[in-house]
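Novice: Sharing a structure with you now.
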Amino acid sequence: MELPFTNLEIAFILLAFVIFSLFTVASIYTNPDDSNEEEEYQIKEEKKKIKKSGKKKNSSEEEHKIEAI
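Per the numbering used here, residue -12 is the first one in the sequence shown, and the count goes up by one each step.
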């Protein structure tokens, strides 16, 4: 009776299974720190708001300078 796969093919199949199993176990046993992700997102949003408000202030100041001249 012949094997349906060569030894090299079986080695790759087993390697893929082991890697998949390790990632599965790692995803189960790790605790993602959701609070840090939320804080980072809030900080990024605040920075975006500051940049937008800063741009608006700069453009209004330039308009006043132009009007004064």
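Think of the CB as a built atom: it goes at the ideal place given N, C-alpha and C, for glycine as much as any other residue.
At which residues does the alpha helix (DSSP H) containing residue -8 begin and terminate?
Specialist: As a working note, residue -8 is residue 5 in the sequence shown. That residue, residue -8, is in no alpha helix (DSSP H); it is neither H nor E in DSSP.
Novice: Which of helix, strand or coil does DSSP assign to residue 11?
Specialist: For the purposes of this step, residue 11 is identified with residue 24 of the sequence shown, where counting begins at 1. Here residue 11 sits in helix by DSSP.
Novice: By Cβ distance below 7 Å, which residues in the same chain neighbour residue 3 in space, the five residues on each side in sequence not counted?
Specialist: As a working mapping, residue 3 is identified with position 16 in the sequence shown. Taken in chain order, the list of residues that qualify is empty.
Novice: Just the C-alpha distance for residue -8 and residue 15, rounded to the nearest angstrom, thanks.
Specialist: Indexing the sequence shown from 1 puts residue -8 at position 5. Indexing the sequence shown from 1 puts residue 15 at position 28. Going from the Cα of residue -8 to the Cα of residue 15 covers about 32 Å.
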